Amino acid sequence: MENEIINVKNLSFNYGNSPVLENVDFSVYQGDFVGLVGENGSGKSTLIKLIAGMEERFEGSIKLFEKDIKTIRKSGYIGFVPQKANAFNTDFPATVEEIVGLNVYQGIAFPWTKRLERHKKVERALELVGMQNYSKSMIGRLSGGQQQRVFIARALAGSPQVLLMDEPTVGIDAKSQEAVYCLLARLNQRLGITIVMVTHDIAAVTWHANKLALLNNGNIRMLDPEKDTDREYISKEYGYNFDPNSVRHNCSNCEKWGETI
Numbered sequence: 467m468e469n470e471i472i473n474v475k476n477l478s479f480n481y482g483n484s485p486v487l488e489n490v491d492f493s494v495y496q497g498d499f500v501g502l503v504g505e506n507g508s509g510k511s512t513l514i515k516l517i518a519g520m521e522e523r524f525e526g527s528i529k530l531f532e533k534d535i536k537t538i539r540k541s542g543y544i545g546f547v548p549q550k551a552n553a554f555n556t557d558f559p560a561t562v563e564e565i566v567g568l569n570v571y572q573g574i575a576f577p578w579t580k581r582l583e584r585h586k587k588v589e590r591a592l593e594l595v596g597m598q599n600y601s602k603s604m605i606g607r608l609s610g611g612q613q614q615r616v617f618i619a620r621a622l623a624g625s626p627q628v629l630l631m632d633e634p635t636v637g638i639d640a641k642s643q644e645a646v647y648c649l650l651a652r653l654n655q656r657l658g659i660t661i662v663m664v665t666h667d668i669a670a671v672t673w674h675a676n677k678l679a680l681l682n683n684g685n686i687r688m689l690d691p692e693k694d695t696d697r698e699y700i701s702k703e704y705g706y707n708f709d710p711n712s713v714r715h716n717c718s719n720c721e722k723w724g725e726t727i
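Heads up, the numbering used here is the position in the sequence shown plus 466, with the first residue counted as 1.
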């Protein structure tokens, strides 16, 4: 029997008098890699932030590991990666290891070992994303793709069981986008981290995700990319011809991370 990680039931959310989500039912199971897709303004980012516990004004229920999100959001089970452009002021005078270290204060039991354990967690997280050689670099001097890997490392440093991501490939070049997708696939497949990723790039995410959650008119339709991806339906809702075979990720950009994941 599949182990349900996220359960969203009868979820509704409004901005003022404008409904964004209406009676949404949504489940994610252990080991899933879910691509959450939909048109601009469909509520994708709102939904992912609600699941992350970043917004409390909603109707219905959101549970993670069978516990109410309001009681579990600071437990460390969840890693959240926002859009790079909104994630951090890259002019801030901080190194990569300092940025990643912001997320490793939880769960350290003994004060006298805090510094050593913190260093190990940061080091491990950077290894997972292939950025261990940049630990002393200033965050603002990295490329967009490198910065995004650092933000993913920051989320991983808290040892989450679930990664929630809001369009993590926005604003980075095509090669870096492929590297991010392939990195996430390896984290999902080799470490068993459950991933829910908001994205506009349906073709790319279907190459790695095992489920698509299509958000439209405030409701969700779940699709299996390998079995029942409905090209006609998605193309109609998205307004362009959708071809799930238009992208082929061979993960060449992340082969060098194979030994650490």
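Here a beta-carbon is modelled for each residue, glycine too, at the ideal position from N, C-alpha and C.
It should be emphasised that the depicted structure is a prediction, and the values quoted were computed from it without experimental measurement.
- Less than 8 Å separates the beta-carbon of S601 from that of L592.
- At the C-beta level, V646 and G611 come within 8 Å of one another.
- Secondary structure remark: continuous alpha helix (DSSP H) runs of at least 4 residues inside the segment 607-662, in chain order: 610-622, 640-657.
- Note: R687 is bridge-paired with L680 in the DSSP secondary-structure output.
- Rounded to whole angstroms, the separation of the alpha carbons of V662 and E468 is 17 Å.
- Beta bridge pairing from DSSP links K529 with N473, D534.
- Here L513 carries a helix assignment [DSSP, helix/strand/coil].
- Here G545 is bridged, per DSSP, to L629.
- In the assembly as shown, L650 is a buried residue. Its beta-carbon has 16 or more other beta-carbons within 10 Å.
- Between I517 and I528, the gap from beta carbon to beta carbon is short of 8 Å.
- Of the other Cβ atoms in all chains shown, fewer than 16 fall within 10 Å of the Cβ of D534; this residue is therefore exposed.
- Assignment of G497 by DSSP, reduced to helix, strand and coil, places it in the coil class.
- Of the candidates L568, D498, V671, L568 places its Cα closest to the Cα of I618.
- Nearest in C-alpha terms to V595, of all of L653, I544, I565, is L653.
- In the three-state DSSP reduction, N489 falls in the strand class (E or B).
- DSSP places N480 within a strand segment (E or B) once states are collapsed to three.
- DSSP places L502 within a strand segment (E or B) once states are collapsed to three.
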